[in-house]
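Taking it in order: structure first as structure tokens, then the write-up.
Protein chains: 2
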Amino acid sequence: MKNNLKVERAIHNMTQADLAECIGVSRQTINAMEKNKYVPSTVLSLKIAKRFKKPVETIFFLEDDD
Amino acid sequence: MKNNLKVERAIHNMTQADLAECIGVSRQTINAMEKNKYVPSTVLSLKIAKRFKKPVETIFFLEDDD
DNA sequence: TCTTTACGTAAAGTTTGTTTTACTTTTGAG
DNA sequence: CTCAAAAGTAAAACAAACTTTACGTAAAGA
């Protein structure tokens, strides 16, 4: 799975720490997500999508190997 | 978080086992999701949404305590 | 240059997702 | 009613998410 987090943060002018605080996780969690270190839970992706006012599918994408 | 999985399965006339096989998890995983035993990963919710041809947000819902 | 802010990263530890096996209960068709 | 399919459940084991602490680097401004 890939994601657009970095771009969305840029659009909304937020740091990793801002986003982390906003959705209630650690900054390292946001960083690890952006670097594709792991797949977040559905609660996290729903929260992030809600924060950015976009569907989950426009921020997180399945890849062939998923 | 809540979800509509049972309803969606009914609409598509699928058993838990059908859905499990289709997205590559065990039947117990589907069952546990329906019974709100845990929060699935974003890869799973994306796959399920794709299978049912609906946005993730129409199948999985944040609740106040999320 | 010194300091601050943002980002990257890593290790250890806790929590939670997911599988496997296996058994019970419910439901629907015949 | 009876049998089979579907759903519910549970425990043990393993994998992955997530936290905390902590340190390194680069950029930008005073």
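Protein chains in written order, with my numbering: chain W, -19 to 46; chain V, -19 to 46.
For every residue, glycine included, the Cβ atom is placed at its ideal position computed from N, Cα and C.
Residue of V:D46, V:A12, V:T38 and V:F32 minimising C-alpha distance to V:A(-10): Closest by alpha carbon: V:F32.
Beta carbon of V:V19 nearer than 9 Å to that of W:V5: It is not a contact, given that the beta carbons lie outside the stated cut-off.
W:K(-14) vs W:F40 beta-carbon contact at 9 Å: No; because the gap between Cβ atoms is not below 9 Å, this pair is not in contact.
Min CB distance W:E14 to chain V below 9 Å: Among the CB atoms of chain V, none fall inside 9 Å of the CB of W:E14.
Assigned exposure category for V:Q(-4) - 16 Cβ within 10 Å defines buried: Burial is judged here by how many other beta carbons sit within 10 angstroms of a residue's own beta carbon; V:Q(-4) has at least 16 and is buried.
Minimum Cβ-Cβ distance from V:S64 to chain W less than 9 Å: Shown here, chain V extends from -19 to 46; a query on residue 64 of chain V therefore has no answer.
Partner residues on chain V for W:D46, Cβ-Cβ distance less than 8 Å: The contacting residues are V23, L26 and K27.
Closest Cα partner of V:K27 within the set V:I10, V:T38 and V:I3: The shortest C-alpha separation from V:K27 is found at V:I3.
Residues sharing a beta bridge with W:N(-17), DSSP: Residue pairing for W:N(-17): DSSP places it in a beta bridge opposite W:F40.
Which listed residue (W:D46, W:S25 and W:D44) has its alpha carbon closest to that of V:Q36: Rather than Gln, the amino acid found at residue 36 of chain V in this sequence is Val. Per the Cα distances, W:S25.
Contacting residues, own chain, Cβ-Cβ under 6 Å from W:N(-16) (five flanking each side not counted): Apart from the 5 residues on each side of it in sequence, W:N(-16) sits with its Cβ closer than 6 Å to the Cβ of I39 in its chain, given in chain order.
Backbone secondary structure at V:S6 - three-state DSSP: Three-state result, V:S6: coil.
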